[in-house]
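*Asks:*
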Amino acid sequence: MTRLTACAAITALAVALIVAALAGRHRAAAGENIEVKLCDNQTTTSVPADQPATRENGEKIAKALMDQWKRSNPDSKAWVEEERAKHTIVNPADNSPLIGRGQGAVYGQITTQDVATWREETLKLVVDGSSVFHSADRLGGTIAVSCDMCHPDAANTHPETYPKFQPQLGRVALLRDMINWCIEHPVRGQQLAPDDERMRALEAYITAQRKGTQLNYGKR
Amino acid sequence: MKRRVALKSVETRHYKERAELFRHLRNLDRRTFVKVSMAAAAAVAAKGLAHPFSFMPIDVAYGATQGAQGFRIAYISDSHLYDRTLNDRFVRQLYRAVDDVNGLDPQPDFVLYGGDLAQLGQPTELDLGAQILKSIKAPVHMMVGEHDWYLDLGEKWRQLFGEPVYSFDHKGVHFVVLNSVIEADFWTARGMTPMQRMQTVAGLDNGIQSRFSVGDEQRAWLQKDLAKVPKSTPLIVFSHSPLYKYYRNWNFWTEDADQVQAILKPFNRVTVVHGHTHQLLTNRIGNIHFHGMLSTAWPWPYAPEGLPPLTVQMNRPDPFDPNDGTGDGEVDVHPDGLVDKIYNLWNRNPVEVSATYLTSGGKQDRPHPPNLASY
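Which chain is which? The protein sequence lines are H and V, in order. Reminder that position 134 of the first sequence reads as 125 in our numbering, one-by-one numbering, no gaps. Reminder that position 226 of the second sequence reads as 257 in our numbering, one-by-one numbering, no gaps.
1. Which residues, in order along the region 130 to 159 of chain H, keep a beta-carbon less than 8 angstroms from a beta-carbon of chain V?
2. Can you find the residues in the same chain that come closer than 8 angstroms, C-beta to C-beta, to H:Pro185, ignoring five residues on each side of it along the sequence?
3. Applying a beta-carbon distance threshold of less than 8 angstroms, which residues of chain H neighbour V:Ile239?
4. Under 9 angstroms between C-beta atoms, does V:Ser272 make it to chain H?
5. Is V:Gly145 closer than 9 angstroms to V:Val212 when the C-beta atoms are compared?
6. Once the 5 residues before and after V:Gly393 are set aside, which same chain residues still bring their CB inside 7 angstroms of it?
7. Quick check on H:Trp70 - is its C-beta less than 9 angstroms from some C-beta in chain V?
8. Pop quiz: V:Trp331 and H:Pro150 are said to be a contact at Cβ under 8 angstroms. What is the actual Cβ separation, rounded to whole angstroms?
9. Can the beta-carbon of V:Leu143 be found closer than 9 angstroms to that of V:Val304?
10. How long is the line joining the alpha carbons of V:Pro339 and V:Lys276, rounded to whole angstroms?
11. Under 9 angstroms between beta-carbons, which chain H residues line up against V:Phe243? List them in chain order, please.
12. Assign V:Arg300 to one of two classes, buried (16 or more other C-beta atoms within 10 Å of its C-beta) or exposed (fewer than that).
13. Grab me the residues of H:Lys210's own chain with a C-beta within less than 8 angstroms of its C-beta, minus the 5 sequence neighbours each way, in chain order.
14. Just curious, the alpha helix (DSSP H) that V:Gly246 is in, first and last residue?
15. With a threshold of 16 other CB atoms inside 10 Å of the CB of H:Arg62, please say whether the residue is buried or exposed.
16. By Cβ distance below 7 angstroms, which residues in the same chain neighbour V:His201 in space, the five residues on each side in sequence not counted?
17. From V:Ala105 to V:Gly358, what does the alpha carbon distance come to, in whole angstroms?
18. Rounding to the nearest angstrom, what Cα-Cα distance links V:Val204 and V:Leu257 in this structure?
19. Which residue wins for smallest C-alpha separation from H:Met190, given the options H:Thr36, H:Gly95, H:Ala84, H:Ser121?
20. Check whether the Cβ atoms of V:Leu209 and V:His178 sit closer than 9 angstroms, and answer yes or no.
21. Which word fits V:Phe121, buried or exposed, when buried means at least 16 other C-beta atoms lie within 10 angstroms of its C-beta?
22. Measuring only the C-alpha atoms, how far is V:Asp349 from V:Phe206?
23. Output yes if chain V places a C-beta closer than 9 angstroms to the C-beta of H:Pro39; else output no.
24. Determine the direct distance from the alpha carbon of H:Val71 to that of H:Leu56, and round the result to whole angstroms.
25. Count the other C-beta atoms from every protein chain shown that fall within 10 angstroms of the C-beta of V:Ala81, then say buried if there are 16 or more, exposed otherwise.
26. So is H:Ser37 buried or exposed if we call it buried at 16+ other beta carbons inside 10 Å?
27. So that I know if they touch, is there some Cβ in chain H lying closer than 9 angstroms to that of V:Phe141?
28. If you count every other CB in all the chains shown that lies within 10 Å of the CB of V:Asn237, and 16 or more means buried, which is it?
29. Kindly indicate which three-state DSSP category V:Arg358 falls into: helix, strand or coil?
30. Rounded to a whole number of angstroms, what is the C-alpha to C-alpha distance between V:Val370 and V:Thr302?
31. Run through DSSP, which three-state label would H:Glu26 get?
32. Taking DSSP's pairing of strands, which residues face V:Val301 in a bridge?
33. I need the straight-line Cα distance from H:Asp119 to V:Arg189, nearest angstrom please.
34. How many Å lie between V:Ile163 and V:Leu151 at the Cα?
35. Got a sec: is the Cβ-Cβ distance from H:Arg162 to anything in chain V below 9 angstroms?
36. Drop a sphere of 10 angstroms on the beta-carbon of H:Leu29, count the other beta-carbons inside from all chains shown, and report buried for 16 or more, exposed for fewer.
See the structure below:
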């Protein structure tokens, strides 16, 4: 049995990979099956090894894999949609003018799919940040206070003013230092490590909400 | 109060001086009043006094010419109580406001509670609030906020405080208390539990909920209630949300505000005092004066758009001072029925927004601008 791994959560990209993989496979005996695995390393499907490496066949396999993955992960995207319905989240920059242009030897030509992936992945981090921002539980708060109670839509968080000297802290503060200060004091939780997933998400959301504001570090 | 006098603290002296000032003010005509107010404000500023307390005076001003008597109301609003075991901070802040009000000498004629006593409308939260408010010496008039309402749609609140919509007369002023936080049903179609509904409404920036309104039923009631009141009678309306359109996304907004204003318009002197916005907020639409109330729990930032031009912002709250930007206050009702609104920002100087400031369209008696406005 031959194994192929199709690393893509996005069907179209999976198709290309699967077609390429089918074309490049070792010649297999008739009746032999190939196991195609999704990049989650769990979802697999078997296809006849001798089927032609066409786009249609690739699409069929990718669809089978994605359908299977969706069945076992019913809430996968739901949280993004749910959070976006609740809270206003500023969209990331539009990179569609880059479609069809090259980014040099490493990346090659930028496709519609590239732009969609960049947008979706970036937005996902920001949306997760919104969810942390609005949840005392996820923040680790002990008195049921969350960020949005003083900063609806991340108002008055002014990420564009950091780093700046905070006389109350006696040192220069980055945005994350102020986030941690708020988590420790008004929220009464434990400080987050700088690379904590929640900290990364919070920084992403707060920064996203001030899109278009001129950076002005040091401003008080 | 007696004990405080014996200590002769800064607070006591301030209270006494202020009470004295207000007593004298009631006997003055408007022009002299303005002079005295400014002199007093200047004196306070010159001394560099930090204001020791935190409720806001609203001075209802009836025309001295009519020989009516002015009086004073105090207010406390937006305490957002959780159970004490979960969050003691908001509980202690409400106690602070109660102390402020009980320390007033002379006592206000009554105290308005401006709504959002509870954070998630839970019976234990409302019970706790009711118990704390019982220690207020002056009579208390209750108003409902969305945080009190959307768990059981007012059942517990009614049980504790009675009907949320009512009117009464006091010293020649007609008072109306509204429930302006009526939202169209967004929960049934979504199959939400009462707690999910409550938590949705509790999020100021949560876009799933509907917009606030007074509603047809209450507007009809208001029309009927006001039909028997002469147009020359000063009117003071209490509503939780501002009865105008400031910022829709945060429900700093009442969807049918225009229709409510149309009902109030025929009256010569109308003042609306509202909660919900947790900030110093001033507006005038036609003859209607609008004043916001401070929260005892936390300040809201000014909205990114729609701020009424007459509003002189409060100072940007210092995040390192958990009580900054919060407080309570008073309404001084003058004999002509117009009011001066005093914002008692905890740990800061009080800010007075006078009736003259509003009637002059912002030309006279402008309150002190903040040192640091919002970003």
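Note that beta-carbon positions come from the ideal geometry of N, C-alpha and C, so glycine has one too.
*Replies:* This is what the structure holds:
1. Ile134, Ala135, Val136, Asp139, Met140, Cys141, His142, Pro143, Asp144, Ala146, Asn147, His149, Thr152, Gln159
2. Arg167
3. Ala76, Lys77
4. no
5. no
6. Leu341
7. no
8. Contact doesn't hold; Cβ gap of about 19 angstroms is too wide.
9. yes
10. 9 angstroms
11. Correct list: empty, because the minimum Cβ distance to chain H is about 15 angstroms.
12. buried
13. His149, Glu151, Thr152, Lys155
14. 246 to 258
15. exposed
16. Asp140
17. 12 angstroms
18. 12 angstroms
19. H:Ser121
20. no
21. buried
22. 36 angstroms
23. no
24. 22 angstroms
25. Residue placement at V:Ala81 is poorly supported in this model, since its pLDDT is 44, which falls under 50; the coordinates are not used for a value here.
26. exposed
27. no
28. buried
29. Before going on, a small fix: residue 358 of chain V reads as Gly here, not Arg. Three-state result, V:Gly358: strand.
30. 7 angstroms
31. strand
32. V:Leu266, V:Ile319
33. 39 angstroms
34. 17 angstroms
35. no
36. buried
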